[in-house]
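In my numbering, each residue carries its 1-based index in the sequence shown increased by 29. In what follows, a single structure is set out as structure tokens and then discussed.
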Amino acid sequence: MEFDKRKDAAMVAMKSPEPDNSPKGTLDLPIIPLLNAINSHPSFFTTSSCSGRISVFSHPTNQSALKKKAKGGTWIFISHDPVHPSSLLPLLYPASPDPPSPTPSQNIVFRFEPLIIAVECRDLEAAQSLVSLAISCGFRESGITSVSKRIIIAIRCSIRLEVPLGDSVKLMVSKEYVEYLVGVANEKMEANRKRTDLFMSTLIKNGFSSRQIPVKGGVNGFGSEKYDEGKKIETLRSSGGNGVAGQEGKLSSETNGSCKFIPVNLSTMETDGEPVDRLLLWGHSACSVDQNKILIFGGFGGIGRHERRNDLVLLDAQSGMVERVSVMGAPSARLGHTASVVGDFMYVIGGRADPLNILNDVWVFDYAKKEWKFLQCSGCLFPPRHRHAAAVVGSKIYVFGGICSDKIISSLYVLDTLTSEWTEIETRGNRPGPLHSHSMESNCSKLYMFGGYNGEKALGDLFSFDVETSLWSKMKTNGMAPNARFSHSMFIYSNYLGVLGGCPVIGHRELSLLNLLSSSWTTIMMKSIEESLFVRSTANVIGDNLVIVGGGASCYAFGTKFSQPMKVDLRQMTSLCDDSETTGQTEEKNNSFLYSHKTEDKVNQCAAQDSKFTSIIESNILDCIIRKLSL
């Protein structure tokens with residue numbers, strides 16, 4: 030294959046003593062172990078990289094007046110390590126300045142640039158997997174940059190710094206300010222190193238080799254830390270082979286039983302009335318009202334310019350009619366909030382209005398009167414938060430987790446809608462840790478909570494909470510549990526709990542159903558959703574249908590993608606699940622065969638693309654990659 034030929038040539042070039050095209054001609058020492066780990070995987074190889082650098086750069090003041098060959102500028106100073114605050118002063122403020130040069134003046138710029146690695150991937154699914162891992166480690170700007178003849182991804186983040194200092198004739202800043210900038214850059218360098226270390230360890234946990242490959246530039250990196258050959262790798266999820274996605278955070282299971290793959294069709298909803306663009310959102314909320322309607326509020330996206338919204342949209346799940354509900358005095362635009370229905374009222378809690386404005390307000394929408402009201406709450410202080418989860422039991426709304434001022438929360442609060450009073454609950458038992466972007470649903474007197482992100486990794490734990498005894502329990506289940514994930518959706522239908530979508534996007538066509546009576550998982554393979562990415566989407570049960578609204582991706586260099594509203598028949602799914610659970614050992618053998626057949630369709634331990642993905646690549650249509658949105 031052409032990919033293998035290109036990879037072989039790239040590996041030979043990395044080992045060659047000849048200088049490369051970088052300013053210093055060699056690989057950066059701090060990231061050589063990371064490059065080795067990526068290149069150890071048969072589906073990836075690195076094409077260019079930088080570990081992060083502090084630099085001073087000069088470029089022509091008036092580039093438009095210069096010939097093309099003269100553009101670009103030159104490096105005055107480069108360091109891939111922290112810099113002493115005073116080390117730049119002799120360079121920028123010499124004791125005996127040179128006489129003015131007859132050449133045109135140059136702009137002088139101080140920069141910090143974080144790690145960036147370009148990686149060619151064997152196929153789109155492999156690219157999605159690696160980008161998801163990078164994003165989970167803080168490289169939020171990672172994404173696909175090319176899908177034509179070669180699939181290239183960029184692993185990068187946004188903690189850069191660029192400050193003009195003046196020009197070659199006169200600097201406009203003081204020595205003290207330069208020292209201050211160096212200090213800021215050193216802090217960013219340390220943050221960059223921590224993210225790089227985390228990415229390295231995450232790759233190792235997910236099956237990438239730590240074997241060192243001799244390359245020019247040396248073999249040591251990450252300070253004095255070394256990664257030994259043969260480091261124990263965590264067991265990977267069975268349905269993923271030895272590919273990219275690991276099973277860290279997998280649900281505890283009494284038996285590992287075979288995974289039942291049941292195909293179910295997922296259809297795009299036909300809509301009428303308002304443009305369907307009103308439903309192209311993520312980070313919104315959606316509540317079931319009037320038995321067959323869904324009330325949608327806020328989120329990012331919508332008609333025209335993509336931005337945070339405070340629109341209220343009503344979707345009729347039967348007719349597909351989309352209606353904008355025009356109401357005066359609406360809450361501020363936001364995303365990452367929750368909305369919960371108690372009687373005829375929808376309660377909107379918290380969210381984020383902008384990166385510096387995290388909310389703790391409570392707004393009530395009277396569905397019968399079509400009126401908004403700000404709710405003055407009493408009781409304990411409810412801290413601002415976004416990316417939390419909420420569920421209703423009776424007249425009370427329970428809220429867990431979220432992010433508040435860069436701190437991830439682990440407390441459980443309850444809002445009594447009869448008294449408008451907040452209470453922080455003193456819980457006991459096997460408590461979950463700090464989480465955000467998790468899911469929570471209620472069933473009778475119990476709350477069920479799955480997944481989320483704890484600041485270091487996606488989790489796959491399933492907890493239950495008894496509101497009568499205030500007891501947390503970590504549930505034990507049978508069968509193949511869903512992958513660890515965050516920003517997913519969860520729902521309850523009949524005696525089943527369902528988990529769908531989320532990030533990482535591995536297994537994005539799977540819907541996992543847990544029978545709450547037998548504690549057994551069944552995996553549903555949904556057809557016709559190759560172009561849908563259910564990340565930060567909503568899932569509502571309307572009658573016997575599951576209606577999925579919104580979700581999508583932010584793509585590096587290619588903008589955004591939103592998923593169309595979708596619908597799936599829950600009766601078909603649950604009847605198939607019930608049938609599969611009653612057929613005994615014979616059915617398990619058949620399912621084992623189906624599963625074995627599925628796992629054989631791999632390319633170098635990475636799942637092969639189906640024909641739809643292949644056609645997407647051939648037609649240059651980018652299936653957007655998820656990044657952990659910072660909107």
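Just so you know, even glycine gets a beta-carbon here, dropped at the ideal spot from N, CA and C.
Residue burial classification, residue i (beta-carbon count within 10 angstroms, cutoff 16)
i, result
"E299", "exposed"
"S253", "Residue confidence for S253 is low, a pLDDT of 26 falling below 50, so the modelled location carries little weight; the figure read from the coordinates is stated next. Burial call: exposed."
"A124", "exposed"
"A397", "exposed"
"D373", "exposed"
"V496", "buried"
"H313", "buried"
"H417", "buried"
"K425", "buried"
"E539", "buried"
"R185", "buried"
"R381", "buried"
"Q405", "exposed"
"E470", "buried"
"S268", "A caution first: S268 carries a pLDDT of 30, below 50, which makes its placement in the model unreliable, though a value can still be read off. The residue is buried, with at least 16 neighbouring Cβ atoms inside 10 Å."
"K34", "exposed"
"W451", "buried"
"H113", "exposed"
"Y442", "buried"
"P119", "exposed"
"S499", "exposed"
"P193", "exposed"
"A42", "exposed"
"S115", "exposed"
Where the beta strand (DSSP E) through residue i begins and ends
i, result
"F237", "Counting along the chain, F237 falls outside any beta strand (DSSP E), and DSSP gives it neither H nor E."
"L500", "L500 to K503"
"P89", "R82 to P89"
"D345", "L341 to D345"
"P193", "L190 to D196"
"V354", "Taken as a continuous stretch (DSSP letters only), V354 belongs to no beta strand (DSSP E), as it is neither H nor E."
"Q593", "No beta strand (DSSP E) contains Q593, which DSSP labels as neither H nor E."
"Y477", "K475 to F479"
"T552", "S549 to K556"
"V391", "N386 to D395"
Span separating the alpha-carbon of residue i from that of residue j
i, j, result
"N294", "K556", "5 Å"
"S78", "C606", "48 Å"
"A39", "V148", "11 Å"
"T552", "G349", "28 Å"
"E455", "W501", "11 Å"
"E258", "T55", "Residue placement at E258 is poorly supported in this model, since its pLDDT is 19, which falls under 50; the coordinates still yield a value, given next. Their backbone Cα atoms lie some 24 Å apart in a straight line."
"D435", "L546", "38 Å"
"Y522", "K596", "14 Å"
"S549", "S369", "28 Å"
"V421", "D340", "23 Å"
"L364", "I325", "12 Å"
"S723", "M519", "Nothing about residue 723 can be read from this structure; the chain reaches only from 30 to 660."
"K402", "F394", "6 Å"
"A183", "L58", "20 Å"
"L562", "D598", "19 Å"
"M554", "Q135", "60 Å"
"L388", "I437", "15 Å"
"D37", "P533", "29 Å"
"N386", "L121", "39 Å"
Contact belief for residue i with residue j at Cβ below 8 Å, rounded distance in angstroms
i, j, result
"H366", "G333", "At roughly 22 Å, the Cβ-Cβ gap does not stay under 8 Å, so H366 and G333 are not in contact."
"A346", "I577", "At roughly 11 Å, the Cβ-Cβ gap does not stay under 8 Å, so A346 and I577 are not in contact."
"C150", "L159", "7 Å"
"P143", "G212", "P143 to G212, Cβ: 17 Å. No contact."
"T567", "A315", "4 Å"
"L64", "T75", "5 Å"
"W311", "P360", "Contact flag wrong, Cβ pair sits at about 18 Å."
"M478", "H465", "Not quite, the Cβ-Cβ distance comes to about 12 Å (not below 8 Å), so this is no contact."
"P413", "C433", "5 Å"
Unbroken alpha helix (DSSP H) run spanning residue i, endpoints
i, result
"L64", "I61 to S69"
"R381", "Run containing R381: none in the alpha helix (DSSP H); it sits in the beta strand (DSSP E), F374 to D383."
"L153", "L153 to S165"
"R35", "E31 to K44"
"L121", "L118 to L121"
contact_flag[the stretch 232–239, the stretch 172–181] where n(CB pairs < 8 Å) is 3 or more: no
task: Assess, as a yes-or-no matter, whether the stretch 471–490 is touched by the stretch 504–516 under the definition of 3 or more beta carbon pairs within less than 8 Å.
output: As far as the Cβ criterion goes, the stretch 504–516 touches the stretch 471–490, which means the pair count is three or higher.
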